[in-house]
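Trainee:
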Amino acid sequence: TEKNPGRIIVPLPVNLPADSVKLRLEKTSISRVPRAAFYNLSELRFLWLTYNSITSVHPSSFVNLKALRELRLDGNLLTAFPWEGLRDMPRLQTLGLHNNRLSSLPAHAALFLPNITYLDLSSNRWVQHARLLSVFILQFELLTRAKELKKSLCFLVSGKVPFSKTYTSRQCPQ
2 TEKNPGRIIV PLPVNLPADS VKLRLEKTSI SRVPRAAFYN LSELRFLWLT YNSITSVHPS
62 SFVNLKALRE LRLDGNLLTA FPWEGLRDMP RLQTLGLHNN RLSSLPAHAA LFLPNITYLD
122 LSSNRWVQHA RLLSVFILQF ELLTRAKELK KSLCFLVSGK VPFSKTYTSR QCPQ
């Protein structure tokens with residue numbers, strides 16, 4: 002383990018069974034997700050890294066997770082997210098980034114979410130201009146071509162920046 006003033010930081014576990022389908026690491030002192038952290042877990046479909054102390058995710062953390070359908074990083078300390086790293090997860094349907102410290106969302110992020118059906122970005126520290134957020138929504142809708150998606154998507158529900166009447170009052174599904 003590495004030392005941090007006042008606490009011990011726990012690294013991600015290694016030597017997990019290669020045929021693992023679900024991995025749930027919650028409420029630990031994990032502080033970062035390094036490059037190729039799950040490379041040997043190519044069968045993984047569900048990855049929950051919720052309510053840890055994660056401050057950074059390497060853009061190549063999710064390499065070789067082609068079967069992953071659900072990624073949850075809710076309740077961490079992320080100020081940025083490597084959207085381009087999602088290209089390694091073509092089957093991703095659920096992405097949870099609720100309750101982090103994200104403040105901006107690049108408009109091009111939608112390009113990496115072609116099969117998403119649930120996206121929770123609520124309870125972050127959004128300071129981004131509403132126009133840029135609208136561009137993200139438009140790109141997202143054009144890429145997915147899914148009219149019914151609005152029923153299950155959760156965008157910035159508790160954010161201070163209203164950007165689309167369609168989404169501002171919608172509650173996140175449980």
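If you're matching positions, the sequence shown starts at 2 in this note's numbering and goes up one per residue. Heads up, the beta-carbon is just placed ideally off N, CA and C, and yes, glycines get one too.
Run through DSSP, which three-state label would E27 get?
Mentor: coil
Trainee: Here's the rule: buried if 16 or more other CB atoms are within 10 angstroms of the residue's CB, otherwise exposed. What is D121?
Mentor: So D121 ends up on the buried side.
Trainee: State the CB to CB distance for the pair R92 and N116, rounded to an integer number of angstroms; the pair is presumed to be in contact (CB under 8 Å).
Mentor: 6 Å
Trainee: If you measure between the beta carbons of R25 and T56, is that distance less than 8 Å?
Mentor: Cβ distance not < 8 Å, so R25 and T56 don't count as in contact.
Trainee: Going by DSSP, what residue range makes up the beta strand (DSSP E) through F47?
Mentor: 47-49
Trainee: Could you check the C-alpha separation between Y40 and V128 for me, to the nearest Å?
Mentor: 34 Å
Trainee: With DSSP as the reference, identify every bridge partner of Y119, one or two as the case may be.
Mentor: T95
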